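Enquirer: Dropping the structure in here first, questions after.
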Amino acid sequence: MKWLDGIAEESTRAVARRSSRRSLLGRLAATLVGASALPLLPIERGAAAEPEKTDPNAPQESGDPTTCEYWRYCGIDGFLCTCCGGSLTSCPPGTLTAAVTWIGTCHNPADGKDYILSYNDCCGKSGCGRCLCNRNEGDTPLYQPFLSNDYNWCVGSKGDIAYHCTVSRVVGLAK
Amino acid sequence: MLALAAAAASALAHDAQTNYILHCQGCHTADGSGLEGKVPSLRSTLAPFARSREGRTFLVQVPGVAQSTLTDAETAAVLNWMLRNLADDRQIAGISAFTEKEVAGYRATRLVNSREVRAQLLAKIATNNP
Chain E
64 MKWLDGIAEE
74 STRAVARRSS
84 RRSLLGRLAA
94 TLVGASALPL
104 LPIERGAAAE
114 PEKTDPNAPQ
124 ESGDPTTCEY
134 WRYCGIDGFL
144 CTCCGGSLTS
154 CPPGTLTAAV
164 TWIGTCHNPA
174 DGKDYILSYN
184 DCCGKSGCGR
194 CLCNRNEGDT
204 PLYQPFLSND
214 YNWCVGSKGD
224 IAYHCTVSRV
234 VGLAK
Chain Y
102 MLALAAAAAS
112 ALAHDAQTNY
122 ILHCQGCHTA
132 DGSGLEGKVP
142 SLRSTLAPFA
152 RSREGRTFLV
162 QVPGVAQSTL
172 TDAETAAVLN
182 WMLRNLADDR
192 QIAGISAFTE
202 KEVAGYRATR
212 LVNSREVRAQ
222 LLAKIATNNP
């Protein structure tokens with residue numbers, strides 16, 4: 064077994080020659096900081112890519128996005144993400160945005176224009192339960208399925224079919 | 102004639118792109134690529150389908166198109182807009198545009214087995230273009 068001791072000793076000494084205790088501490092610190100950043104990564108930030116705020120065609124805003132009467136919610140059927148830890152356009156942490164959405168138009172009283180709205184469901188957690196709104200303008204009954212909003216749009220999400228809340232994104236002006 | 106065309110255009114509630122957004126984009130997504138395993142992509146099939154009569158028939162009779170609340174004229178305009186803007190194949194110059202009359206003709210027949218018809222069309226296209 065002496066040969067094994069020899070190899071172990073030699074390799075340990077080789078490591079000690081090449082590196083210092085300080086570098087070990089540095090690497091350890093980097094690993095710890097890196098690991099602490101990891102839990103932040105899976106949160107989807109689809110809304111961050113949204114050009115809405117810098118867009119010259121962005122709507123003028125008025126009203127309270129945490130109430131059902133807010134203009135963007137004219138066709139909504141679900142819980143408002145603004146009451147559930149998310150925002151008007153981004154899903155709460157721990158949920159994923161469904162790519163498949165219900166799309167309709169709403170009239171914005173602040174600038175008098177009609178906008179195309181996409182109601183994206185946020186999925187992967189059970190129902191938020193706060194600020195339930197059911198205004199349904201432009202919604203059709205289930206027997207006219209293509210403009211009906213009574214589906215669980217989370218079937219079109221990687222977050223599985225659990226529905227949590229809904230965000231309202233402006234797609235553009237209705238022309 | 103021009104005045105007539107202008108009157109016909111103004112009768113459309115929205116332009117073709119807006120109608121695509123309102124009636125199709127919710128599922129097929131903004132660029133027509135859909136959602137893998139759930140919503141088929143339009144991009145690769147639009148132009149090949151539009152080159153044959155049976156393919157054109159399918160494009161109109163597929164339930165999302167045939168049962169939409171768009172008029173025949175609006176549907177023709179949306180299909181033409183999709184061909185110009187969403188088809189992967191950019192060689193669409195030889196493809197004739199959909200007309201209101203053509204859409205009305207295909208739309209009157211209900212397509213029940215859309216998946217099978219789509220698969221048959223794709224197989225036929227693959228055989229003709231090995």
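Quick mapping for you: the protein sequence lines, in order, are chains E and Y. Numbers 64 to 238, taken from this note's numbering, label the letters of the first sequence in order. Numbers 102 to 231, taken from this note's numbering, label the letters of the second sequence in order. The C-beta atom is built at its ideal place from N, Cα and C for all residues, glycine as well. Computed from a prediction, not measured in an experiment: that's the story for all the values here.
Short of 9 Å Cβ to Cβ, which residues in the region 163 to 185 of chain Y face chain E?
Expert: 164, 165, 168, 169, 170
Enquirer: Compare the Cα-Cα distances from residue 120 (chain E) to each of E:228, E:184, E:178 and report the closest residue.
Expert: For residue 120 (chain E), the nearest C-alpha among the options comes from E:178.
Enquirer: Can you say whether residue 102 (chain Y) is buried or exposed, counting buried as having 16 or more other CB atoms within 10 angstroms of its CB?
Expert: Here residue 102 (chain Y) scores only 42 on pLDDT, less than 50, and its place in the model is too uncertain to base an answer on.
Enquirer: At a Cβ cut of 7 Å, what residues of the region 139 to 164 of chain Y count as close to chain B, listed as they run along the chain?
Expert: Any reference to chain B falls outside this structure, whose protein chains are E and Y.
Enquirer: Going by DSSP, which residues form a beta bridge with residue 165 (chain E)?
Expert: E:182
Enquirer: Report the residue from E:76, E:140, E:215, E:176 whose alpha carbon sits nearest the alpha carbon of residue 245 (chain E).
Expert: Within the shown structure, residues of chain E are numbered from 64 to 238, placing residue 245 (chain E) beyond reach of any answer.
Enquirer: Under the assumption that residue 117 (chain Y) contacts residue 181 (chain Y) (Cβ atoms under 8 Å), give the Cβ distance between them as a whole number of angstroms.
Expert: 7 Å
Enquirer: Spatial neighbours of residue 205 (chain Y) within its chain, please: C-beta separation below 6 Å, excluding the five flanking residues on both sides.
Expert: 173
Enquirer: Confirm, please, whether the CB-CB distance from residue 151 (chain Y) to residue 196 (chain Y) is below 7 Å.
Expert: yes
Enquirer: Is residue 115 (chain Y) helix, strand or coil by DSSP?
Expert: coil
Enquirer: When DSSP labels each residue in this structure, what does residue 219 (chain E) get in the three-state scheme?
Expert: helix
Enquirer: Counting only Cβ pairs nearer than 7 Å, list the residues of chain Y close to residue 237 (chain E).
Expert: 115, 119
Enquirer: If you run the structure through DSSP and keep just helix, strand and coil, what is residue 204 (chain Y)?
Expert: helix
Enquirer: Which residues bound the beta strand (DSSP E) around residue 218 (chain Y)?
Expert: Residue 218 (chain Y) -> not in any beta strand (DSSP E); alpha helix (DSSP H) instead, spanning 215 to 229.
Enquirer: Mind the definition here: the region 131 to 140 of chain E touches the region 221 to 234 of chain E only if three or more C-beta pairs lie below 8 Å; say whether that holds.
Expert: yes
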